[in-house]
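Worksheet: one structure, shown below.
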Amino acid sequence: MSERFFPDSMPAPLASATTLPWWEAAAEHRLVVQRCTSCEHTRHPPAPICPECRSGESDWKEVSGRGEVYTFTIVHRPIAAGQELPYLVAVIALEGSGGLRIISNLVGVDPGEVAIGLPVEVVWEEMSADLAIPRFRPVSEEEPR
Amino acid sequence: MASNGIKDRVAIVGMGCTPFGERWDKSGEDLLVDAAKDVYASANVEPDAVDAYWLGTMGSGTSGLMLSEALKLPYKPVTRLENMCATGSEAMRNAAYAVASGAYDLVMAIGVEKLKDSGYSGLVTSRPPDDGTSASMTAPAMFSLLAPAYAKKYGVDEGELKEVISRIAWKNHCNGAKNPKAQFRKEVPMERIQNSPRVAGMFGIFDCSGVSDGSAAAILCRAEDAHKYTDSPIFIKALSFAAGPAEGAYSQDYDFTTFQEVVASAQDAYGQAGVANPREEISMAEVHDCFTATELVLMEDLGFSARGEGWKDVLGGRFDGDGAQPVNPDGGLKSFGHPIGASGLRMMYEMWLQLRGEAGERQIAEPKLGLTHNLGGQPGRCVSFVSIVGK
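These protein sequence lines are chains A and B, in that order. Numbered continuously in our numbering, the first sequence closes out at residue 145. Numbered continuously in our numbering, the second sequence closes out at residue 1391.
Here is the structure:
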């Protein structure tokens, strides 16, 4: 069982035909981005149509799960019962994604130590048997990048 | 963006608005009845004279029946619509097009929201979007991203920016204190605003708009019929709307200091109305100050301030009730309150009062053109409405 950061009472996402492959990869702890097979443009979150060329054809590209904090905010009010406060919401610029960002949470870090540009890596939180949600934590200094 | 506009083809000939606030004594239907009575009286018409209705509510009702049942309308066309926090403006936009087309002679746009009995504080949305990772992104969290981004881009010290956004709250409370229908009718000292409990990022409680119940309504007709109903109608100069493709929150090109949707809708509206210099030509505005930093960014997106200069205009008092270009003279979402479906029509209610010289203590001297701006969504992923009205 992975480490838990948010309570079970957090609203759970629903998968659609478009997002299901993304969730299946997440369950395997693989962070992927959708890639247009016509023009190679990547997009996130998963969507039926390419914003660049409007093609409906796409596949999935695995990314490293590393990135950096583009911006963040400290939230002092809970969204779900039993939540630890404050919590951190961040916009992460994803390495090797073709210029994409993901909105997620920063975990395992003191709010006072977060800064724009902080290098982060994905950590998977298993909310239930078939739902893993990507959060991000600072890249540990011992490990080579 | 292509639009033809309906400049001076449609008039507003009556408006109504309930007090906004914690209306535990009223249901959504009660509020609709109150706003409808107010607007029928304002336009000097009997209910049977109104040919068709547009009802805006984000979540307090599900169909036209909410209105036809409440008002006991006999087999009239009633459309219920929703477009996030811009719902009230959308009701008016669609109603205006219906009279402009000639399909109906006299129509009503009415908006309502009953937020205080939902069991939650604030807005409740049931669907965590898309990949689920932003489920923890509350409304104040989303908009709180604007403040540090703005400070960094324009080299404003974060402490100074806190003063700028606090002054927006202070100004809107000063205006609301003069408004008998506002939810919060009290001036609040700057120091208290600046030290209020934190909600998200730089935002404290006083940086957030009021969560409230309320309803507002307009009656519209073609311009040539306007004087049948009132001696002082107001005329629609522009109506514009933009829904973005929502790349902003995820594309590395977006920097959280603008709403592209607002820029697009404002430019379209200025084109329709023939406004070349909004800073000089727009006498007053009601804008979507869901959070204080939103109002700051809007001043630049609407062209009232040059890029990077809006914070100086805020501190200099340009947008105060007695400033050169008053913004949210009725107290705005901050102080008048934000019952979602009603807010866009509440903004127009203030334009109606101001342009007719009926705003009492809040009256602006000789306003010519007024602008309303209504936003739904979040930075990078939103819908935006802009109207321009005048005499």
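Glycine residues also receive a C-beta, built at the ideal position from the N, C-alpha and C atoms.
Which residues in the same chain have their Cβ closer than 6 Å to the Cβ of residue i, if we skip the five residues on either side of it in sequence?
| i | result |
| --- | --- |
| residue 18/A | 46 and 48 |
| residue 1041/B | none |
| residue 1282/B | 1369 and 1371 |
| residue 1018/B | 1031, 1034, 1035, 1214 and 1215 |
| residue 1288/B | 1373, 1374 and 1375 |
| residue 1171/B | 1320 |
| residue 145/A | With a pLDDT of 48 at residue 145/A, under the threshold of 50, the modelled position of that residue is not reliable, and no figure is offered here. |
| residue 98/A | 42 |
| residue 1408/B | There is simply no residue 1408/B to check, as chain B begins at 1001 and stops at 1391 in what is shown. |
| residue 1326/B | 1284 and 1364 |
| residue 1151/B | 1158 and 1161 |
| residue 942/B | A query on residue 942/B cannot be resolved here, the shown segment of chain B reaching from 1001 to 1391 and no further. |
| residue 1332/B | 1172 and 1289 |
| residue 1200/B | 1140, 1141 and 1144 |
| residue 1222/B | 1099 |
DSSP puts residue i in a beta bridge; with which residues?
| i | result |
| --- | --- |
| residue 1106/B | 1221/B |
| residue 1388/B | 1238/B and 1371/B |
| residue 1269/B | Answer by DSSP bridge pairing: none, since residue 1269/B is not bridged. |
| residue 61/A | 33/A |
| residue 1382/B | 1377/B |
| residue 1251/B | 100/A |
| residue 1213/B | 1021/B |
| residue 1081/B | 1056/B |
| residue 1304/B | Residue 1304/B pairs with nothing; no bridge assigned. |
| residue 1112/B | 1215/B |
| residue 1243/B | 1383/B |
| residue 43/A | 34/A |
| residue 1291/B | 1208/B |
Under a three-way DSSP split, which group does residue i fall into?
| i | result |
| --- | --- |
| residue 1150/B | helix |
| residue 145/A | Only weak support exists for where residue 145/A lies, its pLDDT of 48 falling under 50; the coordinates are left without a value. |
| residue 1257/B | coil |
| residue 1346/B | helix |
| residue 1366/B | coil |
| residue 1162/B | helix |
| residue 1340/B | helix |
| residue 14/A | coil |
| residue 1089/B | helix |
| residue 1206/B | helix |
| residue 21/A | helix |
| residue 1284/B | strand |
| residue 6/A | coil |
| residue 1094/B | helix |
| residue 1198/B | strand |
| residue 75/A | strand |
| residue 962/B | Residue 962/B is absent from the model: chain B starts at 1001 and stops at 1391. |
| residue 1226/B | helix |
| residue 68/A | strand |
| residue 139/A | coil |
| residue 1099/B | helix |
| residue 49/A | coil |
| residue 83/A | coil |
| residue 1140/B | helix |
Among residues of its own chain, excluding the 5 on either side of residue i, which ones have a beta-carbon nearer than 8 Å to its beta-carbon?
| i | result |
| --- | --- |
| residue 1044/B | 1014, 1229 and 1230 |
| residue 21/A | 32, 46 and 60 |
| residue 1116/B | 1022, 1023, 1024, 1211, 1212 and 1213 |
| residue 1064/B | 1053, 1055, 1077, 1078, 1079 and 1080 |
Going by beta carbon distance, what residues of the same chain come within less than 7 Å of residue i, once the five residues before and after it are set aside?
| i | result |
| --- | --- |
| residue 1050/B | 1106, 1107, 1108 and 1219 |
| residue 1142/B | 1378 and 1379 |
| residue 1270/B | 1278 |
| residue 93/A | 67, 68, 70 and 101 |
| residue 1098/B | 1052, 1104 and 1107 |
| residue 9/A | 80, 81 and 82 |
Just checking: is the beta-carbon of residue i within a distance shorter than 8 Å of some beta-carbon in chain E?
| i | result |
| --- | --- |
| residue 1118/B | Among the chains of the structure shown, chain E does not appear; the protein chains present are A and B. |
Please determine whether the Cβ atom of residue i lies at a distance below 7 Å from any heavy atom of the ligand NAD.
| i | result |
| --- | --- |
| residue 1217/B | With respect to the ligand NAD, the structure shown offers nothing to examine, as it has no ligands at all. |
**Selection of the segment 1198–1228 of chain B by Cβ proximity to chain A, strictly under 8 Å** = 1198, 1199, 1200 and 1201
**Asked** Mind pulling the beta strand (DSSP E) runs of 3 or more residues that sit fully within the segment 86–134 of chain A?
**Response** 87–94, 101–106 and 119–128
**Interface positions of the segment 1254–1265 of chain B facing chain A (Cβ-Cβ less than 7 Å), listed along the chain** = 1256
**Prompt:** Going along the segment 72–84 of chain A in order, which residues come within less than 7 Å of chain B, judged by CB to CB distance?
**Reply:** Cβ contacts with chain B: 73, 74, 75, 76, 77 and 79.
**Near-chain A residues of the segment 1227–1246 of chain B (beta-carbon distance less than 8 Å), N- to C-terminal order** = For the segment 1227–1246 of chain B, residues whose beta-carbon sits nearer than 8 Å to a beta-carbon of chain A comprise 1245.
**Request:** Taking only beta carbons into account, state which residues of the segment 34–61 of chain A come closer than 9 Å to chain B, listed in chain order.
**Result:** 43, 44, 45, 46, 47 and 51
**Asked** What runs of the alpha helix (DSSP H), each 4 residues or longer, lie entirely inside the segment 1313–1337 of chain B?
**Response** 1332–1336
**Request:** Only counting runs of 4 or more residues, tell me where the alpha helix (DSSP H) segments fall wholly within the segment 1009–1077 of chain B, in order along the chain.
**Result:** 1028–1043 and 1065–1071
**Prompt:** What residues in the segment 89–106 of chain A bring their beta carbon closer than 8 Å to a beta carbon of chain B?
**Reply:** So the close ones are 89, 91, 93, 99, 100, 101, 102, 103, 104 and 105.
**Asked** What are the residues of the segment 1168–1197 of chain B that lie near chain A, defined by any Cβ-Cβ distance shorter than 9 Å?
**Response** 1197
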